[in-house]
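Here is the structure we will look at.
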Amino acid sequence: MNILAELRRRFATAIAALAPDSGELVELVLPSQDAKFGDYQANCAMPLGKKLGAPPRQIAERLIAALDVADLCEPPEIAGPGFINLRLRAEWLLTKLQVASADVERRGIELAAAPRTFVVDYSSPNVAKPMHVGHIRSTVIGDALCRVLKFLGHRVISDNHIGDWGTQFGMIIYGYKHFVDDAALAQAPVPELSRLYKLVNRLIEHEDQRDNQLPALRTKLAEQMERAQSLSAPPATGDEKADKQHAKKVRQAEAVVSELRTELAELEAKLAAFAADPEQSRLAKAHPRIGAAALAETAKLHAGDAENVALWRRFLPACLEEIDETYQMLGVTFDHALGESFYHDQLAGVVEKLQSQGIAVEDGGAVCVFLDGHEAPFIVRKKDGAFLYATTDLATIHYRLREWQPDAILYVVDHRQSLHFEQLFSTARKMGCGEMELVHVSFGTVLGEDGKPYKTRSGSAVGLKGLLDEAVERAYEIAAKSPQITSEDERRTAAKKIGIGAIKYADLAHNRTSDYVFSYDKMLAMNGNTAAYMQYSNARVKSIFARGEVNIAALRTSGAKIQFSAPAERALGLALLQFTEALARVASDYRPNHLTAYLFELASRYSEFFEQCPVLKAEDAALRDSRLLLCDLTARTIEQGLALLGIETVERM
RNA sequence: GCGCCCGUAGCUCAGUUGGAUAGAGCAACGGAUUUCUAAUCCGUUGGCCGCAGGUUCGAGUCCUGCCGGGCGCGCCA
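Take 75 as the starting number for the first sequence in the working numbering and just add one per residue.
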């Protein structure tokens, strides 16, 4: 039951009676922020008053007269400039709670009246490269969105657009041809391939740092120093504004120089450290221009070279296995994992189509799409003939359109790629993709406690597996503290659920559009808006049934009635009925933090209830049953809510 | 140079798309209780919502300009 939607339906009729073309004003029916203003409030009398040229309070009266809510609300009240405050009738709430309680399958949550088809594109790691902290948000947010949309009755197709056809594979092939340890490969392919990738990657990185980055940085530093120098002796113009702007430019130029200096020092230190390792320097000397060589292997693969294609076929399963291990740990699955390689034979066709439609033109040897509002073109074919991820993404849209006819494709990808998606979507629309909604579900960066992007001390990306392991390890301490858990086995299982849950919840609880600071201590805290707190709340609620030896499943369908004997019960009951609204919000703006906020709110309502209302020691059996049912519905809501976030619960904690 | 995003309590973050007196957790301080799991609950302190204008019944939210920060910008993904 979606109370808000129901109230809006009722108001739509009333508004139409006053002003036929003001349907959008139903959006101004909202949950009240303060209980003293009732449960919900309608704020449409003010704009309507303006439109109709009448005092808002008078409009409010006319709205109420035209409004048919007697079955669900107490008589509406007008307050302030014309707010209409609505308080739901207890009997009505109780009826709806009773329905939710008895509905074992879906606890009263209705399926979408108009189901849509969503393709959700998320996670998208590069095979060969170990997954790192940068993949966590996409994976976790995408998974949660899939679960919520599916639960609401939509058709959801999750597709992991893995990078299985790029340069990293060239590196592995190069590594295999020059550094392979055959015995190790035969025994355990995954670690050996991983070793090869890392080795080649490090050599290429070093080469790039030495031959490209270092000189470039030096040049840039010299330029900027010169610039700072030339700025530092300004002619005082007497114009205050111009002088201020000049001073700002000087400050900025100096800051840039100091930043570049630090950068240069760091780079030099890295190169020195590399040179100090005799084995590494030997390899670097033995493999000059390794970057170009790896690219050549990639090019051969793309060109269909028999040996490289065979190696690709041979190595890919092992690489996927490695990734799957992480997904298993996270409890994340996909309907499809159609990677870049799946589209490689469709790319030429995409470019041809763009050109024949006159959307793309050749420019400087490359095939480009020039778009309004963008200076830089969207390049779909390089001058050397190779295709880019822009090309693959367009081919992917075509394939999805043809194969699944989606109403929307969601790309759960970090915000730095927003320009790419703007261009991609514009180009796709030019090519024609109907009414389909294309959404970049963007998110911010995971930061360390210093406020900078989360990195290891040496400056490399933090491996995802290690990150998860550490969370589980730390969660073990929580499990070990529980007097409820007695077996080592249960402790281990609980630690996994608490640790993984903590990481996921911390991520999902933040507004995805902002960056957030990664902190084990905060995410594993037993207080506040964390998974551990929610899991603990749930375990505590459920412990009541065991202690009271209650067969709660039987009670649900026994016909026992829920009643409100105290304000805390009513407040809890109302919160329980608002679960649907939270889910609807998640689905409408693709933001799971609406659900975490709801769950935390629900847990607070439950705490107050639990404090004020004895359950097992209730005055009489009927009240005890009623409260048990409220407890049960709370636990089921928390469990269902966490499950929709991809988070498991524990029985004891 | 151009474009996008951000600035809310000491810290970490919400703020239902323009609604009433801006919220939560942590930290600090003060209370409660013979526990249904004290991993609790209640209260107090703490805010020029970066600054200045504007729009209107009403602005943390919208528009403009500044200040401060992040990110991106032709052949990487």
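Just so it is clear, CB atoms sit at the ideal spot from N, CA and C, and this is done for glycine as well. Keep in mind that this is a model prediction, so the values were computed, not measured.
Backbone CA spacing between residue i and residue j [nearest angstrom]
i	j	result
Ala296	Val331	9 Å
Asp233	Ala258	33 Å
Glu496	Ser556	50 Å
Asp706	Ser532	49 Å
Asp145	Leu226	27 Å
Ile721	Tyr579	8 Å
Asp409	Ser588	29 Å
Met505	Ser197	27 Å
Met120	Lys526	46 Å
Pro199	His209	7 Å
Arg301	Leu538	42 Å
Lys322	Arg335	20 Å
Thr530	Ala218	27 Å
Ser268	Gln402	19 Å
Val743	Val406	The chain is shown only over 75 to 727; residue 743 falls outside these bounds and no answer can be derived.
Phe111	Gly156	12 Å
Trp239	Arg84	55 Å
Val264	Arg726	37 Å
Glu414	Gly378	15 Å
Gln261	Gln354	25 Å
Ala140	Thr87	8 Å
His266	Gln287	At residue 266 the sequence reads Glu, which differs from the His that was named. Their backbone Cα atoms lie some 29 Å apart in a straight line.
Asp142	Tyr114	15 Å
Leu104	Leu716	25 Å
Ala187	Tyr607	34 Å
Sequence-distant residues of its chain with Cβ nearer than 8 Å to residue i (five each side left out)
i	result
Ala645	Ala109, Arg679, Glu682, Phe683
Thr567	Val724
Leu122	Ile89, Leu92, Ala93, Ser96, Leu99, Pro130, Ile133, Leu137
Arg163	Asp145, Leu146, Cys147, Glu148
Asn667	Leu582, Ala583, His584, Asn585, Arg586
Residue i - DSSP class collapsed to helix/strand/coil
i	result
Phe452	strand
Gly432	coil
Leu259	helix
Ile574	helix
Glu151	strand
Ile158	strand
Gly518	coil
Leu295	helix
Pro362	coil
Thr587	coil
Ser232	strand
Phe619	helix
Ala116	strand
Ala535	strand
Leu582	helix
Ala634	coil
Asp341	For the record, residue 341 in the displayed sequence is Leu; it is not Asp. If DSSP states are grouped into helix, strand and coil, Leu341 belongs with the helices.
Proximal residues to residue i (C-beta, below 7 Å), its chain only, five neighbours per side dropped
i	result
Ala738	The displayed coordinates of the chain run from 75 to 727. Any statement about residue 738 would go beyond what the structure contains.
Leu223	Phe192, Val230, Ala661
Pro189	Gly227, His228, Arg229
Arg284	Leu345
Ala554	Arg565
Pro451	Asp437, Cys442, Val443, Phe444
Glu511	Asp481, Ala482
Leu394	Val201
Gln479	Thr191
Check whether residue i and residue j have beta carbons under 9 Å apart
i	j	result
Asn76	Ala658	yes
Ile453	Ala464	yes
Ala368	Thr466	no
Ala535	His206	yes
Leu167	Leu651	yes
Glu371	Met245	yes
Leu468	Val424	yes
Arg586	Ser639	no
Glu693	Tyr672	no
Thr386	Ile278	The amino acid occupying residue 386 in the given sequence is Trp; Thr does not appear at that position. No. Outside cutoff.
Same chain only: Cβ atoms within 6 Å of residue i, ignoring 5 sequence neighbours per side
i	result
Tyr594	Arg548
Asp195	Asp233, His235, Tyr485
Three CB pairs or more closer than 8 Å across the region 621-636 and the region 686-704:
yes
Across the region 712-721 and the region 631-639, are there enough close Cβ pairs to call them in contact, namely three or more that are closer than 8 Å?
For the pair of segments examined, the region 712-721 was found not to touch the region 631-639: the number of CB pairs separated by less than 8 Å stays below three.
Taking contact to mean at least 3 C-beta pairs separated by less than 8 Å, is the region 527-547 in contact with the region 603-623?
Because the criterion of three Cβ pairs below 8 Å is not met, the region 527-547 and the region 603-623 do not touch.
Between the region 476-486 and the region 177-188, do three or more beta carbon pairs fall short of 8 Å?
Here the region 476-486 does not lie against the region 177-188, with fewer than 3 beta-carbon pairs under 8 Å apart.
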